[in-house]
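Numbering (my numbering), first residue to last: 1116 to 1484.
Quick notes on the structure that follows.
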């Protein structure tokens, strides 16, 4: 059983509808489909591809994507095929070639079943599907060298998860410059969405060429640390789900909103000086289970300050908080959750209403080479 009171489905004051996961996902998907249409139309003169990380999707979503690929007669490559991860090819990254004029139904399928799960990015490249897929496959392997401080330690392989759009566009920025440039030679552009679904794009050269690696990318300790820091919020969120959440307890919050809140709560933790992983974990768990703005709760400021100085860990300190405080936070939580949901969705609504020329994904004709 949960140690905290359970939020109830109550009417939200202030004129905002309560956050409802299915409606939230539908509205996000509509915005992402619009975003995709803008970007794909701007680059209609060259091959464009969807890069889908099926491992991040629920089984029903994977099946819907597979059916969509089949129904639209799309060419695709499973990037794990022919690699050490080949047994996961059906649930690993898929590279799907868009038709010249992708239908709205196709964009909606990808947006709803992959995009809302932060499992979708897009690539434009002058390379053919098989050439681009082979380039990508050669960049999947990393090699962690032996630790010189450990007797008998051996090198081991690692998967470079640049195909995970939650961290993918940031990962090459951690690599040595020569490796980053070699990797990006295959892409005219590479586009995805941040945790708040704001669009982002990386640009490569106008003339693309395959530049496969001949050997795994070396991952020294400094690079491993940099890569690990790319998805700290996601790592803590996954740990909270695994260790601290009852089945169904967070079903009232769309997973994408949970991720957005996880990033906000980690930012809150750093603002408060909570540098210990355990304290960041506890703040995130309380934020999801009790109140999204838990870091600003006045009743908790003394224990948050004590945790920041190392006087007492947050996990131990919350035991002294009166249950009435928790109950008050829980009663307020639905309205605050609705505010966060609205704050995330409103920019997406504005993107759909704005002129295409003002869209972040719009590429002026003079720049489409």
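A virtual CB, placed ideally from N, CA and C, is assigned to each residue, including glycine.
Bear in mind the structure is a predicted one, so any value in this text is a computation, not a measurement.
- Starting from residue 1265 and walking both ways along the beta strand (DSSP E), at which residues does that stretch end? Within the chain shown, numbered from 1, the residue matching residue 1265 stands at position 150. It is not in any beta strand (DSSP E) - residue 1265 carries neither H nor E in the DSSP assignment.
- Integer Cβ distance of residue 1398 from residue 1384, believed to fall under 8 Å: Reading the chain shown from its first residue, position 283 is the one you call residue 1398. Reading the chain shown from its first residue, position 269 is the one you call residue 1384. With a Cβ gap of about 5 Å, residue 1398 and residue 1384 count as contacting.
- Message: By alpha-carbon positions, which one of 1148, 1234, 1451 and 1386 ends up nearest to residue 1282?
- Response: Locating residue 1282 in the chain shown gives position 167, counting from the first residue. For residue 1282, the nearest C-alpha among the options comes from 1234.
- Which of helix, strand or coil does DSSP assign to residue 1215? Position 100 of the chain shown, counted from the start, is the residue given in the question as residue 1215. Reduced to three states, the DSSP call for residue 1215 is coil.
- Sort 1394, 1457 and 1284 by Cα distance to residue 1369 and report the nearest one. Taking the first residue of the chain shown as position 1, residue 1369 is located at position 254. Nearest of 1394, 1457 and 1284 to residue 1369, Cα basis: 1457.
- Query: Which whole-angstrom value is the C-beta distance of residue 1284 and residue 1251, which I expect to be below 8 Å?
  - Reply: Residue 1284 sits at position 169 when you count from the first residue of the chain shown. Residue 1251 sits at position 136 when you count from the first residue of the chain shown. 14 Å between Cβ atoms; not a contact.
- Among 1313, 1180, 1423 and 1409, which one has its Cα closest to the Cα of residue 1440? Indexing the chain shown from 1 puts residue 1440 at position 325. For the residues 1313, 1180, 1423 and 1409, the minimum Cα distance to residue 1440 belongs to 1409.
- Tell me residue 1315's beta-bridge partners as DSSP assigns them. Residue 1315 sits at position 200 when you count from the first residue of the chain shown. The partner list for residue 1315 (beta bridge, DSSP) reads 1307.
- State buried or exposed for residue 1306, treating a residue as buried only when at least 16 other CB atoms are found within 10 Å of its CB. In the chain shown, residue 1306 corresponds to position 191, counting from 1. Buried, by the Cβ-count rule.
- Taking the DSSP output, what are the residues bridged to residue 1271? Taking the first residue of the chain shown as position 1, residue 1271 is located at position 156. Looking at the DSSP assignment, residue 1271 forms a beta bridge with 1259.
- Query: Are there 16 or more other CB atoms within 10 angstroms of the CB of residue 1218, so buried, or fewer, so exposed?
  - Reply: In the chain shown, the residue the question calls residue 1218 occupies position 103. The residue is exposed, with fewer than 16 neighbouring Cβ atoms inside 10 Å.
- Can you tell me the Cα-Cα spacing of residue 1498 and residue 1426, whole angstroms? Any property of residue 1498 remains undetermined from this structure, which presents the chain solely from 1116 to 1484.
- Query: By the 10 Å Cβ neighbour count, where 16 or more other Cβ atoms means buried, how is residue 1117 classified, buried or exposed?
  - Reply: Looking up residue 1117 in the chain shown gives position 2. Residue placement at residue 1117 is poorly supported in this model, since its pLDDT is 42, which falls under 50; the coordinates still yield a value, given next. With fewer than 16 Cβ atoms within 10 Å of its Cβ, residue 1117 is classed as exposed.
- First and last residue of the beta strand (DSSP E) that includes residue 1235? Here the question's residue 1235 lines up with position 120 in the chain shown. Residue 1235: member of the beta strand (DSSP E) spanning 1235-1239, first to last residue.
- Item | DSSP three-state assignment for residue 1209, whether helix, strand or coil | Walking along the chain shown from the start, residue 1209 turns up at place 94. In the three-state DSSP reduction, residue 1209 falls in the strand class (E or B).
- Own chain residues within Cβ distance below 8 Å of residue 1242, not counting five before or after: One-based indexing of the chain shown puts residue 1242 at position 127. Excluding residues within five positions, the ones whose Cβ falls inside 8 Å are 1162, 1250, 1301, 1323, 1324 and 1325.
- Message: Please classify residue 1207 as buried or exposed, where buried requires at least 16 neighbouring CB atoms within 10 angstroms.
- Response: Position 92 of the chain shown, counting from 1, holds the residue named residue 1207. Its Cβ being crowded by 16 or more others within 10 Å, residue 1207 is buried.
- Message: Applying the 10 Å Cβ sphere with the 16-neighbour rule, what's the burial state of residue 1527?
- Response: Residue 1527 falls outside the range modelled here, since the chain spans only 1116 to 1484, and no answer is possible.
- Message: Whether or not the segment 1176-1193 and the segment 1136-1144 are in contact is what I'm after, with contact meaning three or more pairs of Cβ atoms, one per stretch, closer than 8 Å; do they touch?
- Response: no
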